[in-house]
Amino acid sequence: MSDTKQRLLDGTLDALRDHGVTGTSARTIAAAAGVNQALVFYHYGSVDELVGAACRQATERRVAHYADRFAAVTSLRELLQVGRDLHASELAQGNVSVLAQTLAAAQSNERLAEPIRATFRLWTAEIESVLRRVLAGSPIAEVADVPGLAQAISSAFVGLELFEGIDAEGGRRAMDAIDQLAVLVEVMDELGPLATRVLRSRIKRAGKK
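With full-length UniProt numbering, the residue at position 169 of the sequence shown is 169, and numbering never jumps.
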């Protein structure tokens, strides 16, 4: 990738943090990148395409940064701890603000919605891989929609990141409640064979309703 294109990608994220989506334009991006604004259209065609590309690259880098942490996870509680650490890091870097801005804009802009969906799929795929590994052999794995569960977890963290901005205590309590659910799953896995069979049967019946 050329230095100019990378500067445009970095400048886009800076513009989003400083000006929000409504204030992010070819002019503000070019100013942040230190280049001529005509280069926005020369390299990316439109501001929307550049915003989508910048968000995707940033997410790819964050997923890669946490790859080893995800690979070392052996329980749901450990997965949630990685999520907590990631959340704190994203908040400190101003990425939560960028997320909120792009999500809001994507609601009415399909050109932006598709690349934003693609960035979320990167996180969801990573979480799904972890879930398949830590739930292997668990009665829950027999009935759970693991891809759907991965989407639910990634969506929940996005929602909590945004919610915490207006209610930090509420966000903390929500995180703690999710942690408690993870403990319950671990307790289920530690039950004796008879209790596990009963649990497996009840879960299957519940899934058919």
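Idealized CB from N, CA, C, for every residue including glycine.
Identify the continuous alpha helix (DSSP H) that holds Q6 and give its terminal residues.
Annotation for Q6: the continuous alpha helix (DSSP H) segment containing it runs D3 to H19.
Measuring only the C-alpha atoms, how far is A105 from V21?
Going from the Cα of A105 to the Cα of V21 covers about 7 Å.
Go to L166, then tell me how far its alpha helix (DSSP H) extends in each direction, as first and last residue.
The residue you asked about is not Leu; residue 166 is Ile in the sequence shown. Counted as a single uninterrupted DSSP element, the stretch harbouring I166 is not any alpha helix (DSSP H), since DSSP gives it neither H nor E.
Can you give me the start and stop residues for the alpha helix (DSSP H) that L135 sits inside?
L135 -> no alpha helix (DSSP H), and no H or E assigned at all.
So, helix, strand or coil for Q107, using DSSP?
Note: Q107 maps to coil in three-state DSSP.
Proximity to A32 [Cα-Cα], best of Q6, Q151 and Q81:
The candidate whose alpha carbon is nearest that of A32 is Q6.
To the nearest angstrom, how far is it from the Cα of A113 to the Cα of Q107?
Straight-line spacing of the CA atoms in A113 and Q107 works out to 7 Å.
Boundaries of the alpha helix (DSSP H) in which G94 is found, first to last residue
Premise fails: G94 is in no alpha helix (DSSP H) and is neither H nor E.
Coil, strand or helix - S201 by DSSP
Of the three classes helix, strand and coil, the one that applies to S201 here is helix, per DSSP.
For the structure I just gave you, are there three or more beta carbon pairs, one from the stretch 11 to 27 and one from the stretch 47 to 57, closer than 8 Å?
Flag = yes, the stretch 11 to 27 and the stretch 47 to 57 touch.
When the Cα of T4 is compared with those of H43, P115, R17 and N109, which residue comes out closest?
Looking from the CA of T4, the closest CA among H43, P115, R17 and N109 belongs to H43.
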